[in-house]
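Working notes, structure below.
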Amino acid sequence: MTEERAPSLLALGYECLKNADLGNASRFFEEALHEDFDNAEVLFSMKCAQFWQGCIDETSQLEKPLAKGDHIVARWKSFQVFLTRIPGDFEMARYAFKRMVFSVALDFFLAIPDEEKEALDAEFDLRAGRCRKALGDYETAQQHLERAVKTRKDDARCLAELADCHGLSGEQSASKVLFREAFFIGPDKIDIELLESDMIQKLAGKVRERELSEKEVPEWIPVYGELTGLFGSKRELGPQESSRLNSSMFQLENDLRENPGLAATLKPRLLNRYFWILDHLEASGADQSRSDKILLKIRLLDE
28 MTEERAPSLL ALGYECLKNA DLGNASRFFE EALHEDFDNA EVLFSMKCAQ FWQGCIDETS
88 QLEKPLAKGD HIVARWKSFQ VFLTRIPGDF EMARYAFKRM VFSVALDFFL AIPDEEKEAL
148 DAEFDLRAGR CRKALGDYET AQQHLERAVK TRKDDARCLA ELADCHGLSG EQSASKVLFR
208 EAFFIGPDKI DIELLESDMI QKLAGKVRER ELSEKEVPEW IPVYGELTGL FGSKRELGPQ
268 ESSRLNSSMF QLENDLRENP GLAATLKPRL LNRYFWILDH LEASGADQSR SDKILLKIRL
328 LDE
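To convert, note that position 84 of the sequence shown is 111 in this note's numbering; the numbers rise steadily by one, no gaps.
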């Protein structure tokens with residue numbers, strides 16, 4: 028029966044995608060469609076191929092390799108939304124398209140002239156590391172991302188990507204420490220759509236159960252990370268860090284009083300500061316009365 032050829036043709040198409048060959052992949056999918064018109068996986072793959080052909084065509088309107096690579100990565104985030112709107116969920120197809128997308132993006136980034144790469148510095152390493160991570164080359168990804176973090180110690184994006192790389196490599200302790208730091212520094216700067224670690228996806232899933240807007244999800248991830256114990260790696264802060272943390276807490280408290288309409292963003296950030304202060308007080312052996320004051324603040328904020 029002709030239907031029996033469709034899975035073989037799909038497999039050939041997926042191999043083409045893994046080699047960043049969307050043109051031949053599409054031809055195999057079209058042939059599979061002729062063999063089995065009602066095959067759900069074939070229809071799924073065809074729709075995905077059409078989506079990505081459009082995205083790749085769009086890059087021809089962009090001049091620089093950096094812009095082309097950034098466009099492809101941005102469209103990967105759009106693709107996640109697209110997948111929720113079409114029937115089916117086929118893991119082999121999703122994986123093959125991911126390989127294709129980040130291979131294409133990486134090729135664009137590697138095509139950036141050397142002098143521009145040097146000028147980009149951490150921005151280049153962040154992009155290259157993110158692509159290598161998505162392609163499963165965790166060792167090279169980690170090298171890129173460690174260089175990026177060394178240059179930008181307070182960049183939440185770089186820290187989160189390095190944390191994700193550690194998590195995917197099975198280095199959970201390092202991953203937790205880095206994720207905790209990243210989501211403390213700037214949850215709004217982190218692209219959670221580009222993170223693959225089970226821990227972050229589980230936390231994002233729990234947050235989404237509250238039916239918050241997608242913009243609010245990263246803000247609440249560190250709060251749920253503390254409450255569930257998944258962000259379990261804690262440390263005593265140095266004097267300067269402690270001072271900055273307290274200043275940040277007071278500033279957020281003032282901002283919340285003056286701008287109650289911004290509570291959706293300010294409340295989770297303030298809760299996260301309270302958790303960090305509690306951890307610091309416990310680690311430093313501070314008097315219990317100081318912790319009690321913070322606990323009272325948490326209760327009042329939660330009312």
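Glycine included, every Cβ here is placed at the ideal spot set by N, Cα and C.
The C-alpha of residue 135 lies about 11 angstroms from the C-alpha of residue 100. Take residue 222, set aside five residues on each side of it, and the residues of its chain with a beta-carbon closer than 6 angstroms to its own are 191, in chain order.
Runs of the alpha helix (DSSP H) spanning 4 or more residues and lying entirely within the region 175-254 occur at 183-195, 199-212 and 225-235, in chain order. Its Cα nearest to that of residue 210, the residue 303 stands out among 303, 109, 167 and 266. In the same chain as residue 276, and ignoring 5 residues on each side of it, the C-beta atoms closer than 8 angstroms to its own belong to 297, 300, 301 and 304, in chain order.
C-alpha of residue 189 to C-alpha of residue 283: approximately 32 angstroms in a straight line.
Closest by C-alpha distance to residue 242, out of 95, 54, 216 and 281, is 216. The region 250-299 contains, as complete alpha helix (DSSP H) runs of 4+ residues, the segments 266-285 (chain order). Excluding the 5 residues flanking it on each side, residue 183 has same chain C-beta neighbours closer than 6 angstroms at 209, 212, 213, 216 and 217, in chain order. DSSP, reduced to helix, strand and coil, places residue 167 within a helical segment of the structure shown.
Within a 10 Å sphere around the beta-carbon of residue 312 sit fewer than 16 other beta-carbons, which makes this residue exposed.
Secondary structure at residue 34: helix, using DSSP grouped into helix, strand and coil. If you keep only unbroken alpha helix (DSSP H) runs of at least 4 residues inside the region 66-116, you get 67-86 and 92-110.
In this structure, residue 279 and residue 251 do not form a Cβ contact; the two beta carbons are roughly 18 angstroms apart against a cut-off of 8 angstroms. Secondary structure of residue 313 (DSSP, three-state): coil.
Secondary structure note for residue 46: it is in no alpha helix (DSSP H), with a DSSP letter that is neither H nor E.
Taking the Cα of residue 206 as reference, the smallest distance to any Cα among 219, 196 and 186 is reached at 186. By the Cβ neighbour-count rule, residue 152 is buried, with 16 or more other Cβ atoms within 10 Å of its own.
Contact between the region 137-145 and the region 115-126 is absent: fewer than three C-beta pairs spanning the two stretches fall below 8 angstroms. Here residue 71 has 113, 115, 117 and 120 as same chain residues with Cβ atoms under 7 angstroms from its own Cβ, once five neighbours each way along the sequence are excluded.
For the options 34, 111 and 80, the alpha carbon positioned closest to that of residue 62 is the one of 34.
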